[in-house]
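To start, the structure under review is shown below, and the notes come after it.
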Amino acid sequence: MCCPSSLGSRKQRTRNVPELPEVEIIRRKLSPLLVGRTIRKLTTGKPSYFFLTPPKLLEQKITGRSFVSLERHGKYLICKLDDTSQMLWHLGMTGQLLTRERKGALDVHVHLRFEFSDSGPELLFRDVRKFGKVRWLKPGSAEPRLNKLGVDALEITGQHLFEKIRKRSAPVKTVLLDQGVLAGVGNIYADEALFISKIRPLTAARELGKAQVDLLASNIRSILSRSIKLGGSSISDYLHPDGQSGAFQQTFLVYGREGEPCTKCQQLIVRDVLGQRSTHYCPRCQR
DNA sequence: CAAATCCCCTGCAGGC
DNA sequence: TGCCTGCAGGGGATTT
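Take my numbering: the final residue in the first sequence is number 747, and no numbers are missing along the way.
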C-alpha cells in the first residue's frame with residue numbers, strides 16, 4: 461500500500477534508546493533469572509573503551525560471585541552481589557542484556573558473556589554503539605554518578621519537580637532530560653509527556669506555573685507506567701532479555717511523527733532541535 | 001552553579 | 001549498483 465515517504469518530505473530517522481520503562485522491564489525479567497545464580501565464568505570481547513572497570517579486573521572480581529538482587533535507579537541497573545560488592549550497568553544507546561541457551565557463536569557486538577555454575581541460560585551484554593557502561597564497585601563504596609541522580613521518575617511529585625526547575629532558564633524539555641533533576645526520562649518520554657501536558661518544549665522551565673508542573677509530573681509518572689505495561693518501546697535496538705519487543709511505540713503521539721497530523725487537532729507535528737536532541741511537538745496543542 | 005558545545009560510536013538512509 | 005556523507009542519541013568533559 462501507500463508508504464509514508466511518498467509524502468516527499470525528508471523524514472528524520474528516529475531511534476529509541478532504553479529509558480526508564482525499558483530498563484525496568486529488563487530488571488523485572490532478568491531478576492528471577494539472575495538472583496541466586498553464581499557466575500562461573502565471564503568472557504570479554506575485545507576491550508572497549510566503554511568499560512569503566514577494565515574487563516580483566518571485572519572478570520577477576522565477579523567470578524564465583526552470585527547475584528543477591530537486581531535494582532534500578534533511573535536508567536541504571538544495580539546488581540548486588542553476595543560479597544556486598546556491586547556491579548552497575550548502563551545501556552547507553554544500544555545496549556542489550558540478552559539471555560540465551562549456551563550454544564552458538566557470539567557476534568562482534570557482544571562485549572560480556574556471563575556463564576553460570578548451573579546449566580541454565582547464559583547472559584550477554586551486547587552493545588553496537590558502545591555507549592553502555594559497566595562498573596564494579598567494591599564493598600562499601602558509592603558511585604558518584606548514582607549519588608548525583610535525581611529521584612526516580614516513577615516517584616516524581618509536582619512539588620518536588622517544581623522546586624527543582626523553578627530557577628532553570630533552559631527549555632523545559634532540556635531540563636527533563638537532566639538526570640540530576642529526575643532520573644529515567646529520555647527523549648521519547650519527555651516529548652510525549654510534554655504533549656499530553658500541553659506544554660511547548662521550548663518554554664523556559666522557570667516560566668511554568670505550579671499547576672502546570674503538577675500536571676507534568678503526573679503525566680510523566682503515568683506515561684512511564686503505561687509504557688511498562690506495554691513492554692516499553694521497540695523502534696530500533698531495544699529488546700527484552702528474551703528477545704521480545706515492546707509495543708508502546710505504536711501509541712506515540714508526537715515522537716517520530718514529524719509532518720503527520722496531530723491526533724487531537726490535525727495540525728502537523730513539528731520537529732526542532734533542542735539541546736542537540738530532536739524534539740517533536742504540536743504547535744497548536746502545545747503553547 | 002547553570003548552560004552551551006563537542007565528542008564518543010556505528011548502521012543505515014539518502015543522494016548521486 | 002555502489003560509494004560517500006550525515007545523522008541518531010546518553011551522558012561526560014570542557015568551556016563560557
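Just so it is clear, CB atoms sit at the ideal spot from N, CA and C, and this is done for glycine as well.
Does the separation of the CB atoms of Arg560 and Ser526 fall below 9 Å? Not a contact, by the Cβ cut-off of 9 Å.
To the nearest angstrom, how far is the alpha carbon of Gln709 from that of Gln639? Between the C-alpha atoms of Gln709 and Gln639 there is a straight-line separation of about 23 Å.
Check whether the stretch 624-635 touches the stretch 532-550, counting contact only when three or more Cβ pairs, one atom from each stretch, lie closer than 8 Å. Fewer than three Cβ pairs drawn from the stretch 624-635 and the stretch 532-550 lie within less than 8 Å of each other, which leaves the two stretches out of contact.
Tell me the DSSP secondary structure of Gln709 in three-state form. In the three-state reduction of the DSSP assignment, Gln709 falls in the helix class.
Since Pro481 and Leu684 should fall inside the 8 Å C-beta cutoff, what is the C-beta to C-beta distance between them, to a whole number of angstroms? Indeed, because the Cβ distance is near 5 Å, the residues count as touching under 8 Å.
Can the beta-carbon of Thr523 be found less than 9 Å from the beta-carbon of Ile499? Closer than 9 Å, so yes.
Which residues DSSP lists as bridging Phe574, in chain order: Per the DSSP secondary-structure output, Phe574 pairs in a beta bridge with Leu502 and Leu583.
Could you pull the start and end residues of the beta strand (DSSP E) that Asp732 belongs to? Per DSSP, Asp732 belongs to the beta strand (DSSP E) from Val730 to Leu734.
Kindly list the residues whose CB is nearer than 6 Å to the CB of Lys501, restricted to its own chain and excluding five residues on each side of it in sequence; keep chain order. Correct list, in chain order: Glu575.
Does the beta-carbon distance from Leu728 to Gly719 come in below 9 Å? Yes, they are a contact pair.
Outcome for Gly646 when other beta-carbon atoms lying within 10 angstroms are tallied against a minimum of 16: Residue burial annotation: Gly646 is buried, with at least 16 other C-beta atoms found within 10 angstroms of its C-beta.
To the nearest angstrom, report how far apart Arg470 and Thr723 are at their CA atoms. Note that Arg470 scores 44 on pLDDT, short of 50, meaning its location in the model is unreliable; the coordinates nonetheless yield the value given after this. Going by the C-alpha atoms only, they are around 21 Å apart.
So what's Arg737 in DSSP terms, helix, strand or just coil? Taken through DSSP and simplified to helix, strand or coil, Arg737 comes out as strand.
If you draw a straight line from the alpha carbon of Lys670 to that of Phe622, how long is it in whole angstroms? Taking C-alpha positions only, Lys670 is separated from Phe622 by approximately 6 Å.
Leu684 in three-state terms, based on DSSP: In the three-state reduction of the DSSP assignment, Leu684 falls in the helix class.
The stretch 593-600 in contact with the stretch 609-620 per 3-pair CB rule at 8 Å: Result no; under three Cβ-Cβ pairs closer than 8 Å.
I'd like to check one pair, Asp567 with Arg589: are the Cβ atoms closer than 9 Å? No, they are not a contact pair.
Only counting the same chain, and skipping five residues up and downstream in sequence, which positions put a Cβ closer than 6 Å to that of Thr750? Here the chain comprises residues numbered 461 to 747, so residue 750 is not present and cannot be evaluated.
Rounded to whole angstroms, what's the CA-CA distance from Leu676 to Arg626? Just pull it up for me. Between the C-alpha atoms of Leu676 and Arg626 there is a straight-line separation of about 14 Å.
Report the rounded CA-to-CA distance for Leu467 versus Glu603, giving the unit in angstroms. Because the pLDDT of Leu467 is 32, which lies under 50, any placement of that residue in the model is unreliable, and the question is left without a value.
To the nearest angstrom, report how far apart Ser491 and Ser529 are at their CA atoms. Taking the Cα positions, Ser491 is about 7 Å away from Ser529.
At the level of alpha carbons, what is the spacing between Ser735 and Val673? Strictly speaking, residue 735 in this sequence is Gly, with Ser absent from that position. Between the alpha carbons of Gly735 and Val673 lies a gap of roughly 21 Å.
Could you give the DSSP three-state label for Arg487: helix, strand or coil? The answer is helix: DSSP assigns Arg487 an H, G or I state.
Where Phe622 sits in the DSSP three-state scheme: Assigned with DSSP and collapsed to three states, Phe622 falls in helix.
At 3 residues or longer, and completely inside the stretch 547-571: list those beta strand (DSSP E) runs for me, N to C. Taking only runs of at least 3 residues, the beta strand (DSSP E) segments lying wholly in the stretch 547-571 are 555-560.
Distance, Ser577 Cα to Glu652 Cα: Those two C-alpha atoms are separated by around 44 Å.
Kindly list the residues whose CB is nearer than 7 Å to the CB of Glu479, restricted to its own chain and excluding five residues on each side of it in sequence; keep chain order. So the qualifying residues of the chain are Lys535, Gly644, Val645, Gly646, Ile648 and Tyr649.
Quick one: grab the DSSP three-state call for Ala613. Collapsing the DSSP output to three states places Ala613 in a helix.
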